[in-house]
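Chains as they are written, first to last, in this note's numbering: chain A, 1318 to 1785; chain B, 3 to 355.
Ideal Cβ positions, reconstructed from N, Cα and C, are used throughout, including at glycine.
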């Protein structure tokens, strides 16, 4: 093959890759539009009062906490006020080095509680259990540091109810979040796990731990992330859910059938992507056992989280996410093209491998090839422009279609100028931000491939929303 | 080198893809703009509707009669009106509900919802079904009954509820076979339907359905006896406790048993090989047990299953003569560490120091 042919061949490879990748997303988009429209139509009836409640299953909310002294009291207070018939809150203090336990003890009048703690999942030792004297449905487990997954497993051990909900300590929920995310369990008893949409809280007004008013951040990075989250949730997950091929439920907020998770072995403690790894493993475990099940998703915006506003924190997050993705997939390779794998094993898993896991490699190589090739005179300017037109154009199309889904459904940003700003962000993010993300994800992939340990790191919290 | 001329297939593919992409993006942006415009218009209409109609409708429910002159209800406000009307209906009792129905008929909404019922939009069909139920429109009976058998879980259960609103006594015998057989109706929604029917209406048909149902369905239906708070089911429960060979049915019977007449049966089942039956037996002893059952419950504190130990400890704590001192004495007398631990937990839960 001559150099010219090789270059021409490479041009086609990169172009086709972008077209196929984005074609896949567009297909998910179309599925999401249908699903979301049906969901919104059906949800209209739920706005009527007494839209059937009673016999809802009780839920254990498990909150891992590490060095959260500054915010844990407000978070727990908000959780206690959730509107749901019966639930308990289990805060797992994961060997915090700050005053997390002291703050909890003071704010909630904790007293030692002689819990008959069952070790169904192995964890680091639990040093003590405390019950709130003022809120009988609040308990705190104090344990040796073992990481988030270890804390979740300890919470599962202590949970009394058939469903547990893993919540990040800094997640902001809505009063009806639990009601909303439990619905699939009521409607279909095969449901073993359900997640909801996570939105970006930056720029919003928060009072008493609940979101009072939505708004947009002034920080450009946070603005880009809003568009990203809309893409990821409104069609990324909404697209896979109807096919029972959803491979990730966000660790920020997700509900699981406790016994099924225990049967599957609980959360793995040797991965930073413990949330995704559990869901992929549930698919593998249940399909291998020939069991009928459903892992699903509610598109309602029920959980809000602070997005990083500086490049360093964002980079660490994206590197970690890619490592987590790689770990989750490779630890469950048995699902890939498994005869019993169904849509999870034959569609979603390969999609994740070829587009999400290896995608950054091809993206960065593609941009690198065309730009370097052009600068060396090997690639003509029209080819470079054509490639950039396609790659950037497809990216914009996906971002704008996510905004369309948002307008078709929840339109939570009330002002028209918000929509205009988000459209601008959807446009601008394709000129540098997405490419930078691809580079970070490639770093994450490289670190995983070379066996480097992923780190959680510290997030610089700016709390740009107003705290009450 | 590489792609060169404008006729190059690579360039052509890239240019066409780019062009289509940009065109689609533009279409989507225009669509977003249109949706936002519609949203603004809808919001303005909703505010106007709220300012004009909500005070009027609320006032109607307090007046002696519906006023002769009514404001104009525009076609585009019908859905919003019905939403508000139905939510008000659900929160009122007695005569005001009748006045809402008179108002709806005066506005000819009884005919409008018939058209909506046969329309293509799911949300309009749902609101039409709910409205017909509140209007107690007997003419809709056959259509609603047909809908309860449809494959759409939400439409079918909303139709079921509407039938109960129209005529619970005649609806329930028709709905109970569906409640028995359908797995896509959430238990919480079935419970609401039965609760709304009331124990007098629901008990008889429910008991009959349980009696003739296969064991798996019977076990599921037995739990609804608690929802309708009926003692009329006690004879059936006692009969099944003695005669059924289904562990699920026995467990369900123990769960809903409220009569001391079943105490002997409960005691017998504390030694059942299945742990979920022993769990219910322990709970039942907590409700119905006497002093002589304390030893049985204390023995169950050492069961190999955590949930049996926990329910046994809770049952002990429920017994009226078991004060904190008594429970602590039992705890301190246990050789089994698991028994001691579980009772310590329950004492802390139920008898805080």
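Residues sharing a beta bridge with residue i, DSSP
i, result
"residue 1621 (chain A)", "A:1489 and A:1516"
"residue 1378 (chain A)", "A:1406 and A:1482"
"residue 1258 (chain A)", "What is shown of chain A runs 1318 to 1785, which leaves residue 1258 (chain A) out entirely."
"residue 1445 (chain A)", "A:1459"
"residue 1411 (chain A)", "A:1460"
"residue 1528 (chain A)", "A:1523"
"residue 1429 (chain A)", "A:1447"
Among the options, the one whose alpha carbon lies nearest that of residue i
i, options, result
"residue 272 (chain B)", "B:189, B:65, B:97 and B:307", "B:307"
"residue 311 (chain B)", "B:280, B:243 and B:292", "B:280"
"residue 1397 (chain A)", "A:1500, A:1458 and A:1378", "A:1378"
"residue 173 (chain B)", "B:154, B:114, B:195 and B:289", "B:195"
"residue 1716 (chain A)", "A:1414, A:1738, A:1704 and A:1663", "A:1738"
"residue 97 (chain B)", "B:158, B:111, B:165 and B:65", "B:65"
"residue 263 (chain B)", "B:241, B:248, B:275 and B:252", "B:241"
"residue 291 (chain B)", "B:317, B:274 and B:301", "B:317"
"residue 171 (chain B)", "B:190, B:200, B:155 and B:149", "B:200"
"residue 1354 (chain A)", "A:1697, A:1675, A:1607 and A:1725", "A:1725"
"residue 166 (chain B)", "B:287, B:115, B:57 and B:136", "B:136"
"residue 1415 (chain A)", "A:1432, A:1387, A:1437 and A:1409", "A:1387"
"residue 347 (chain B)", "B:337, B:319 and B:323", "B:319"
"residue 1586 (chain A)", "A:1470, A:1409 and A:1407", "A:1470"
"residue 239 (chain B)", "B:251, B:230, B:247 and B:229", "B:251"
"residue 176 (chain B)", "B:187, B:189 and B:147", "B:147"
Below-8 angstroms beta-carbon distance, residue i vs any chain B residue
i, result
"residue 1503 (chain A)", "yes"
"residue 1692 (chain A)", "no"
"residue 1476 (chain A)", "no"
"residue 1699 (chain A)", "yes"
"residue 1510 (chain A)", "no"
"residue 1741 (chain A)", "no"
"residue 1703 (chain A)", "yes"
"residue 1603 (chain A)", "no"
"residue 1458 (chain A)", "no"
"residue 1372 (chain A)", "yes"
"residue 1359 (chain A)", "yes"
Min CB distance residue i to chain A below 8 angstroms
i, result
"residue 278 (chain B)", "no"
"residue 1 (chain B)", "The requested residue 1 (chain B) is not part of the displayed model; chain B covers only 3 to 355."
"residue 352 (chain B)", "no"
"residue 232 (chain B)", "no"
"residue 222 (chain B)", "no"
"residue 1 (chain B)", "Because chain B is modelled from 3 through 355, residue 1 (chain B) falls outside the range shown and cannot be assessed."
"residue 185 (chain B)", "yes"
"residue 344 (chain B)", "yes"
"residue 62 (chain B)", "no"
"residue 83 (chain B)", "no"
"residue 190 (chain B)", "yes"
Where residue i falls, given that 16 or more other Cβ within 10 Å makes a residue buried
i, result
"residue 76 (chain B)", "exposed"
"residue 226 (chain B)", "buried"
"residue 1605 (chain A)", "exposed"
"residue 192 (chain B)", "buried"
"residue 1732 (chain A)", "exposed"
"residue 1530 (chain A)", "exposed"
"residue 121 (chain B)", "exposed"
"residue 232 (chain B)", "buried"
"residue 1535 (chain A)", "exposed"
"residue 1462 (chain A)", "exposed"
"residue 1573 (chain A)", "buried"
"residue 1460 (chain A)", "buried"
"residue 1765 (chain A)", "buried"
"residue 1439 (chain A)", "exposed"
"residue 1525 (chain A)", "exposed"
"residue 169 (chain B)", "exposed"
"residue 185 (chain B)", "exposed"
Check your understanding: For the segment 1723-1735 of chain A, which residues have a CB atom closer than 8 angstroms to at least one CB atom of chain B, in sequence order?
Key -> 1724, 1725, 1728 and 1733
Check your understanding: Quick one, which residues of the segment 117-128 of chain B are near chain A if we go by CB-CB under 8 angstroms, in chain order?
Key -> 123, 124, 125 and 128
Point to revise | Positions along the segment 1524-1541 of chain A whose CB lies within less than 8 angstroms of some CB in chain B | key: none
**Study point:** Near-chain B residues of the segment 1422-1438 of chain A - C-beta to any C-beta below 7 angstroms
**Key:** 1430, 1431, 1432, 1433 and 1435
Practice item. Could you list the residues in the segment 1634-1648 of chain A with a C-beta less than 9 angstroms from some C-beta on chain B, going in chain order? Key: none
Practice item. Using a Cβ-Cβ cut-off of less than 7 angstroms, give me the residues of the segment 20-40 of chain B that come near chain A, in sequence order. Key: 20, 23, 24, 26, 27, 30, 31, 33, 34, 37 and 38
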